[in-house]
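In the working numbering, the protein residues as written are 622 to 879.
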């Protein structure tokens with residue numbers, strides 16, 4: 622399988638956890654659903670079509686920089702005007718609530734100076750177009766790290782051939798779902814002083830109407846280092862010698878009836 626690899630970074634990032642409401646928290650990495658959105662932005666796919674267009678791609682994520690978080694309060698403009706109409710004004714007398722509220726302060730969590738490596742495999746035509754745009758440092762839509770205000774930069778790393786490896790013990794460079802770990806020896810060789818592992822539950826696939834189709838617990842090293850694990854499912858080795866986990870196309874994991 623051919624795999625296009627590129628780096629993505631920025632000053633701040635925010636990939637909102639699905640269970641947070643008034644005080645949004647962020648994942649430590651872009652979930653597979655966000656990776657497909659980033660690929661769609663580069664290729665110029667409309668927000669209503671990119672989920673279908675990228676459904677047959679395999680994707681992976683590597684954390685390149687230690688995960689650092691910051692939190693601060695943000696003033697959100699109260700947009701309900703008189704007569705319940707949308708009115709994002711700062712004139713108090715035009716506000717629609719009884720207290721004439723101008724703004725609401727909400728605490729947000731952000732990733733500070735995040736850097737990731739993204740892996741995209743599958744459709745040769747789509748990958749050729751993606752690689753060409755990355756090499757020329759061009760996109761159709763602006764790429765961001767989760768929120769539109771958090772602009773991202775990127776760099777093409779290369780196009781590689783991925784060779785499937787059988788179940789066994791490997792140094793995995795990417796984040797990976799906990800369910801691929803061998804029940805007896807999964808993290809046995811990874812647990813030593815100095816390593817800090819985290820597990821985050823993320824949405825893996827979305828339906829065209831953005832309904833989540835699958836959630837998984839995903840494991841990563843918070844320092845951005847490879848993790849030595851024993852897996853019971855196949856992983857991939859690139860020409861660069863990296864061993865990575867790639868989430869397969871949605872069609873291989875989700876029944877067609879869904």
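The beta-carbon is built from N, C-alpha and C at its ideal position, and this holds for glycine as well.
**Prompt:** Using a Cβ-Cβ cut-off of 6 Å (strictly less than) and excluding sequence neighbours within five positions of residue 626, which residues of its own chain qualify?
**Reply:** 740, 778 and 779
**Prompt:** From residue 850 to residue 802, what does the alpha carbon distance come to, in whole angstroms?
**Reply:** 7 Å
**Request:** Give the straight-line distance between the Cα atoms of residue 651 and residue 798, rounded to the nearest whole angstrom.
**Result:** 14 Å
**Prompt:** Do you know offhand how far residue 761's Cα is from residue 751's?
**Reply:** 11 Å
**Prompt:** My guess is that residue 827 and residue 818 are in contact by the Cβ rule of under 8 Å, so how many angstroms apart are they, rounded?
**Reply:** No, residue 827 and residue 818 are not in contact; Cβ-Cβ is about 26 Å, not under 8 Å.
**Prompt:** Can you check whether the CB of residue 711 is closer than 9 Å to the CB of residue 697?
**Reply:** no
**Request:** State yes or no: is the C-beta of residue 706 within less than 9 Å of the C-beta of residue 633?
**Result:** no
**Request:** Can you check the region 763-825 for any beta strand (DSSP E) of at least 3 residues that lies completely inside it and give the ranges in chain order?
**Result:** 774-782, 784-786 and 789-793
**Range covered by the beta strand (DSSP E) that runs through residue 834** = 833-842
**Request:** Within its chain, find whatever has a CB closer than 7 Å to the CB of residue 686; leave out the 5 residues flanking it on each side and keep chain order.
**Result:** 734, 735, 736 and 845
**Message:** Using a Cβ-Cβ cutoff of less than 6 Å, which residues in the same chain neighbour residue 865 once the five nearest sequence positions on both sides are dropped?
**Reply:** 681, 740, 794, 795 and 857
**Message:** For residue 853, list the residues DSSP reports as bridge partners.
**Reply:** Bridge partners of residue 853: none, in fact.
**Request:** Give every residue of the same chain whose Cβ lies closer than 7 Å to the Cβ of residue 665, excluding the five residues on either side of it in the sequence, and list them in chain order.
**Result:** 761 and 762
**Request:** From the DSSP output, in three-state form, read off residue 708 for me.
**Result:** coil
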